[in-house]
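Position one of the sequence shown corresponds to residue 13 (the working numbering), numbered consecutively onward.
A virtual CB, placed ideally from N, CA and C, is assigned to each residue, including glycine.
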Amino acid sequence: MNLQKELSALISSDRVVDDFDVLEGYSKDLSFVKPRMPSVVVYAENKEEVTEVLKFANENKFPVTPRSSVISFYGAGVPTQGGIILDLSRMKKIIAINKGDKRIQLEPGVTYAEIVDPLAKEGMYVCTPLFPHPNKSVITSAMENEVLANPKFEYNEVFQSSEMILPTGALFYTGTAIAPGFVGRGTPELTIPSNKLFKGAQGTLGVITYSFLKLEYLPPMDKLAFIVFDQLSGAEEFIYKLARLNLGNECFILNNLDIAAIFAESDEDIANLSEEVPHYVLALVISGGQYFAEDKIVYEEEALLDLAKECNLKVQFSMPGVVGGAARMQSLLRKPWDREIYWKYRYKGACQDLFFITTMEKADAFTAVIKGIAAKYGVYHVGVYVQPIERGRVVQCTYHFYYDSENKVETQKVQKAWLEGSSAALNMGALFVNPYGAQAEMVYSRAAKYGNVLKVVKQAFDPNDIMNPGKLCF
Numbered sequence: 013m014n015l016q017k018e019l020s021a022l023i024s025s026d027r028v029v030d031d032f033d034v035l036e037g038y039s040k041d042l043s044f045v046k047p048r049m050p051s052v053v054v055y056a057e058n059k060e061e062v063t064e065v066l067k068f069a070n071e072n073k074f075p076v077t078p079r080s081s082v083i084s085f086y087g088a089g090v091p092t093q094g095g096i097i098l099d100l101s102r103m104k105k106i107i108a109i110n111k112g113d114k115r116i117q118l119e120p121g122v123t124y125a126e127i128v129d130p131l132a133k134e135g136m137y138v139c140t141p142l143f144p145h146p147n148k149s150v151i152t153s154a155m156e157n158e159v160l161a162n163p164k165f166e167y168n169e170v171f172q173s174s175e176m177i178l179p180t181g182a183l184f185y186t187g188t189a190i191a192p193g194f195v196g197r198g199t200p201e202l203t204i205p206s207n208k209l210f211k212g213a214q215g216t217l218g219v220i221t222y223s224f225l226k227l228e229y230l231p232p233m234d235k236l237a238f239i240v241f242d243q244l245s246g247a248e249e250f251i252y253k254l255a256r257l258n259l260g261n262e263c264f265i266l267n268n269l270d271i272a273a274i275f276a277e278s279d280e281d282i283a284n285l286s287e288e289v290p291h292y293v294l295a296l297v298i299s300g301g302q303y304f305a306e307d308k309i310v311y312e313e314e315a316l317l318d319l320a321k322e323c324n325l326k327v328q329f330s331m332p333g334v335v336g337g338a339a340r341m342q343s344l345l346r347k348p349w350d351r352e353i354y355w356k357y358r359y360k361g362a363c364q365d366l367f368f369i370t371t372m373e374k375a376d377a378f379t380a381v382i383k384g385i386a387a388k389y390g391v392y393h394v395g396v397y398v399q400p401i402e403r404g405r406v407v408q409c410t411y412h413f414y415y416d417s418e419n420k421v422e423t424q425k426v427q428k429a430w431l432e433g434s435s436a437a438l439n440m441g442a443l444f445v446n447p448y449g450a451q452a453e454m455v456y457s458r459a460a461k462y463g464n465v466l467k468v469v470k471q472a473f474d475p476n477d478i479m480n481p482g483k484l485c486f
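Quick look at the structure:
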């Protein structure tokens with residue numbers, strides 16, 4: 013069968029591509045997942061085209077790997093069995109911004125760079141991970157459970173509902189997406205089980221054609237505060253007490269190398285700056301509300317100073333060791349990265365992330381183990397980012413292994429450190445919410461019953477196993 017010819021009968025032929033250079037670009041991403049060439053790339057522009065492609069693939073049992081971002085970090089969009097790449101990056105409609113209900117309806121190709129200005133004009137924003145890539149799909153970020161920089165429980169979940177095309181070509185809705193006229197009232201999305209079913213599925217159960225995401229009002233004013241720690245264990249008491257007092261909005265901890273990667277004026281300055289800034293810095297954003305904004309900032313600042321005094325800590329209102337750092341962070345708040353080279357790639361050109369969920373009191377022990385394993389392989393450039401979640405109930409520890417991808421020896425060292433670090437973290441009780449690549453094999457080999465349940469769900473939605481086969485436990 014001539015796959016390109018058959019698909020061109022369904023989709024405009026100029027959007028069905030089998031050029032070698034194009035296919036090679038889709039065969040890999042920025043992860044360590046093994047490259048695999050697809051047979052063809054289809055650029056869908058609407059749900060009707062998505063439906064036709066999935067029906068064709070299901071009838072002929074061709075594997076389909078959906079992609080909605082031009083950038084991919086973890087291997088979820090790399091095909092394991094070739095087949096069809098279904099590229100959704102041209103589905104870029106912002107269908108509706110509902111300020112009253114605080115939600116946005118958008119297609120999967122809309123990126124963080126494309127959503128900021130339209131929302132800002134309405135005085136709104138969508139909660140983001142820490143300085144996300146501008147070309148990252150907003151829906152994909154939400155579906156991949158990427159943790160948000162704001163740890164408050166009420167901000168924790170931005171995904172509400174969606175319209176999907178199942179592998180059979182059937183239309184499927186989660187939550188209130190089934191009711192287009194559902195406006196002007198509360199949206200009980202979190203009580204609907206189907207909303208959670210597809211999160212973290214890595215495109216193995218269907219293709220989203222639009223989603224509703226939760227919005228927040230842009231604070232009229234913010235004030236940034238910083239606290240220095242020599243080690244993560246010193247932040248434990250403060251994080252828990254801060255959460256109980258419900259102070260601030262965005263809150264996270266960065267080590268010296270991550271601080272330098274983000275705030276250095278030039279790429280060449282990163283190494284020197286990392287030697288000048290403190291080992292760990294906690295950043296807290298105090299935000300004014302829609303009413304009495306200044307009063308709110310004043311009383312939260314007073315409460316913060318009292319808490320810091322109680323914990324024998326010092327609050328600073330400028331970034332320690334970084335001239336203009338607070339202003340730079342202010343400009344990046346709730347927005348994607350704004351420079352040509354993404355911050356994770358400024359230092360050495362490449363970065364591999366190792367991340368998992370744990371509790372704050374265990375963060376220091378995990379960090380010691382991960383850094384120890386990295387050092388064993390001669391990997392010393394490790395960034396550390398700790399993100400409290402749900403008011404500090406748990407945290408996500410993220411370790412950034414910076415390396416030169418053009419250096420094969422260095423790349424192999426980082427890959428070994430990443431694999432062993434993942435295994436060690438799992439043995440210590442880390443929770444991998446969305447395991448990718450080799451991590452998925454580690455996780456599901458220890459959770460056979462859970463994997464069997466997922467396979468039952470997979471069989472129900474995708475009986476011919478065409479959607480991104482080889483991912484998770486499939």
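Taking each of F224, K253, G215, F264 in turn and checking the Cα distance to A237, the smallest one comes out for F264. Only buried fits R346, as 16 or more other CB atoms lie within 10 angstroms of its CB.
The bridge partners DSSP lists for V465 come to none. Look at V240 here: in three-state DSSP terms it is strand. S149 and A442 have their C-alpha atoms spaced approximately 27 Å apart. Runs of the alpha helix (DSSP H) spanning 4 or more residues and lying entirely within the stretch 249 to 289 occur at 268 to 275, 282 to 288, in chain order.
The beta carbons of N261 and S299 sit about 5 Å from each other, so the pair counts as a contact at 8 Å. As computed with DSSP, P400 is found in a beta bridge with V407. Beyond the five residues adjoining it in sequence on each side, V407 comes within less than 8 Å, by CB distance, of I251, I369, T370, T371, M372, A375, V398, Q399, P400, I401 in the same chain, given in chain order. For a cut-off of 8 Å, the C-beta gap from I23 to E61 is around 5 Å, short enough to register as a contact. Collapsing the DSSP output to three states places E432 in a helix.
Straight across, the Cα-Cα distance linking R79 with L484 is about 16 Å. If you look at V52, you'll find it in the beta strand (DSSP E) that goes 52 to 55.
Apart from sequence neighbours up to five positions away, the residues of its chain that approach F165 with a beta-carbon distance below 6 Å are E402, R403, ordered along the chain. Under the three-pair Cβ rule at 8 Å, the stretch 31 to 48 counts as touching the stretch 86 to 94. For L98, DSSP records a beta bridge to V54, P78.
Secondary structure of D129 (DSSP, three-state): helix. Here the stretch 102 to 117 makes contact with the stretch 52 to 61; the two share three or more CB pairs at distances below 8 Å. Per the coordinates, the alpha-carbon of N480 lies some 22 Å from the alpha-carbon of K461. Nearest to L230 by C-alpha distance, out of G135, L183, N439, is G135.
Going by beta carbons, L259 and E322 fall outside the 8 Å limit. Distance between K226 and Q342, taken at the CA atoms: about 22 Å.
Excluding five sequence positions before and after S223, the CB atoms of its chain that fall closer than 6 Å to its own CB belong to I151, S174, given in chain order.
Your pair C139 and Y185 does not check out as a contact, with CB atoms roughly 24 Å apart and the cut at 8 Å.
By the 16-neighbour rule on beta-carbons within 10 angstroms, F74 is buried. At least 8 Å separates the beta-carbon of V455 from that of A429. By the neighbour-count criterion, in which a residue is buried when 16 or more other Cβ atoms sit within 10 angstroms of its Cβ, L254 is buried. Here I353 is exposed: its Cβ has fewer than 16 other Cβ atoms, across all protein chains shown, within 10 Å. By the Cβ test, the stretch 412 to 421 is in contact with the stretch 350 to 365, since at least three Cβ pairs between them sit closer than 8 Å. Separation of I382 and F413 (C-alpha to C-alpha, rounded to the nearest whole angstrom) is 10 Å. Per DSSP, R115 is one residue of the beta strand (DSSP E) stretching across 115 to 118. Counting along the chain, D26 sits inside no alpha helix (DSSP H), nor does DSSP assign it H or E at all. Per the coordinates, the alpha-carbon of Q117 lies some 5 Å from the alpha-carbon of A108. When the Cα atoms are used, F486 and E453 turn out to be separated by approximately 10 Å. Put simply, the backbone Cα of M49 is about 50 Å away from that of G301. Of the candidates D279, S278, P332, P332 places its Cα closest to the Cα of V289.
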